[in-house]
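Here is the structure we will look at, set down as structure tokens.
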Amino acid sequence: MAFYVYIVRCADGSYYTGHTDNLEARMEAHGRGEIAGYTSARRPVQLVFSESFMSRDDAFQVERQIKGWSRRKKEALIRRNWNALKKPE
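Everything in the sequence shown is counted per this note's numbering, starting at 1155 for the first residue and increasing by one.
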């Protein structure tokens, strides 16, 4: 079973990072506003990044790491600009 870390861009331009074991179902739930909290008030949302992992623990750890990043660093990840990710903030 795969687990996913994902980033969505919200209607207000902000980013939300999460993890799931069913990316398609999670995106549908975000789109319908079924996930209470941050994204439900900022719809519509657009998936801009996802990465798969073999364990939930790995996905959760990466999610926590990304949530601690600046907007600039998240956007470098979304663009897959590996050089920008290496630069100190």
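Virtual Cβ for every residue (Gly too), placed ideally from N, Cα, C.
All values reported here derive from a predicted model rather than from experimental measurement.
Cβ neighbours of threonine 1193 in the same chain (closer than 7 Å, five flanking residues each side left out): Residue numbering aside, residue 1193 sits at position 39 when the sequence shown is read from its first letter. Correct list, in chain order: Val1162, Cys1164, Tyr1170, His1184, Val1199.
When Lys1240, Pro1242, Ile1220, Ala1195 are compared against glutamate 1205, the one with the closest alpha-carbon: Residue 1205 sits at position 51 when you count from the first residue of the sequence shown. For glutamate 1205, the closest alpha carbon among the candidates Lys1240, Pro1242, Ile1220, Ala1195 is that of Ile1220.
Those residues which DSSP pairs with glutamate 1205 across a bridge: In the sequence shown, residue 1205 corresponds to position 51, counting from 1. DSSP links glutamate 1205 through a beta bridge to Val1159.
Range of the contiguous beta strand (DSSP E) that encloses glycine 1191: Your numbering for residue 1191 matches position 37 in the sequence shown. Where glycine 1191 is concerned, there is no enclosing beta strand (DSSP E), given that its DSSP letter is neither H nor E.
Cα-Cα separation, glutamate 1182 to threonine 1174: One-based indexing of the sequence shown puts residue 1182 at position 28. One-based indexing of the sequence shown puts residue 1174 at position 20. If you draw a straight line from the Cα of glutamate 1182 to the Cα of threonine 1174, it comes to about 12 Å.
Three-state class that DSSP yields for glycine 1222 in the structure shown: Here the question's residue 1222 lines up with position 68 in the sequence shown. Assignment of glycine 1222 by DSSP, reduced to helix, strand and coil, places it in the coil class.
DSSP state of glycine 1187 mapped onto helix, strand, coil: Taking the sequence shown and counting its residues from 1, one reaches residue 1187 at position 33. Glycine 1187 falls in the coil class under three-state DSSP.
Among Met1155, Arg1234, Gly1172, nearest to glycine 1191 - alpha-carbon criterion: On the sequence shown, residue 1191 is found 37 positions in, with the first residue counted as 1. With distances taken between CA atoms, glycine 1191 lies nearest to Gly1172 out of Met1155, Arg1234, Gly1172.
Identity of the residues DSSP links to glycine 1172 by a beta bridge: Along the sequence shown, read from residue 1 onward, the residue named residue 1172 stands at position 18. Its beta-bridge partners are Tyr1160.
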